[in-house]
Amino acid sequence: MAPAPRSPNKPAGKRPAQKSSRRRSREFALQGLYEWLIQGSDAGVIDAHMREQDGFKQADAKHFDALLHGCVREAVDLDAVLARHVDRKTTELSPIEHGVLMIGAYELKHCIDIPYRVAINEAVELAKSFGGTDGHKYVNGVLDKAAAELRAVEVQARR
Numbered sequence: 698m699a700p701a702p703r704s705p706n707k708p709a710g711k712r713p714a715q716k717s718s719r720r721r722s723r724e725f726a727l728q729g730l731y732e733w734l735i736q737g738s739d740a741g742v743i744d745a746h747m748r749e750q751d752g753f754k755q756a757d758a759k760h761f762d763a764l765l766h767g768c769v770r771e772a773v774d775l776d777a778v779l780a781r782h783v784d785r786k787t788t789e790l791s792p793i794e795h796g797v798l799m800i801g802a803y804e805l806k807h808c809i810d811i812p813y814r815v816a817i818n819e820a821v822e823l824a825k826s827f828g829g830t831d832g833h834k835y836v837n838g839v840l841d842k843a844a845a846e847l848r849a850v851e852v853q854a855r856r
């Protein structure tokens, strides 16, 4: 019996990495923020809808709550931070990039247990998975500048 053909993009013998529960929580939070940005739905309704989705049980529910509800609650403040580092109004960003940037800014501002470089990388990965072709580069640049503002001591120590 011949071995199954392998994908040209994946090295032989490697399984795809399992997503962490925090990564899953970010993905669900992004989907919820997308709905909120597009439709303006109530965060409680969005929360209930996201919890019904396949795979939610593998997500970090506490982190999901913090991200979804925190981003909605602090949208004006997060947009004010982002506005200092984007090249257009945040309302003119694609809803995916806007949501990813909100999550990244929220984590930089409130989740000090997550190193700033991890917060940026996770946002970049979200943008790669859900956003446009080069959206991840934009997200990386904006959040790198935001990190210098929100985590100045940590960024300076790294440089």
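Counting from 1 along the sequence shown, just add 697 to a position and that's the residue number in the numbering used here.
Every residue, glycine too, gets a C-beta built ideally from N, C-alpha and C.
Query: According to DSSP, is D751 part of a helix, a strand, or is it coil?; Result: coil
Query: Where does L847 fall in DSSP's three states?; Result: helix
Query: So V821 is in the alpha helix (DSSP H); what residue range does that whole segment cover?; Result: 813-827
Query: I'd like to know if E724 contacts chain C, where contact means its C-beta is closer than 9 Å to some C-beta of that chain.; Result: The chain labelled as chain C is not found in the depicted structure, where only one protein chain is given.
Query: How many angstroms separate the CA atom of F827 from the CA atom of I793?; Result: 7 Å
Query: Tell me where the alpha helix (DSSP H) around E768 begins and ends.; Result: In the sequence as presented, Glu is not what sits at residue 768; that position holds Cys. Looking at the DSSP string, the run of the alpha helix (DSSP H) that includes C768 is 758-770.
Query: Assign A849 to buried or exposed, taking buried as 16 or more other Cβ atoms, counted over all protein chains shown, within 10 Å of its Cβ.; Result: exposed
Query: DSSP state of L790, grouped into three classes?; Result: coil
Query: May I have the straight-line CA-CA distance separating G737 from L775, to the nearest angstrom?; Result: 17 Å
Query: In the DSSP assignment, find the unbroken alpha helix (DSSP H) run with G729 in it and report its ends.; Result: 718-736
Query: Does R855 come out as helix, strand or coil in the three-state DSSP assignment?; Result: helix
Query: From A772, A820, Y731, I811, pick the residue whose C-alpha is nearest to that of S791; which is it?; Result: Y731
Query: What does a CB cutoff of less than 7 Å around A740 pick up in its chain, not counting 5 residues either side in sequence?; Result: W733, L765, H766, V769
Query: May I ask you to report which of helix, strand or coil DSSP gives H833?; Result: helix
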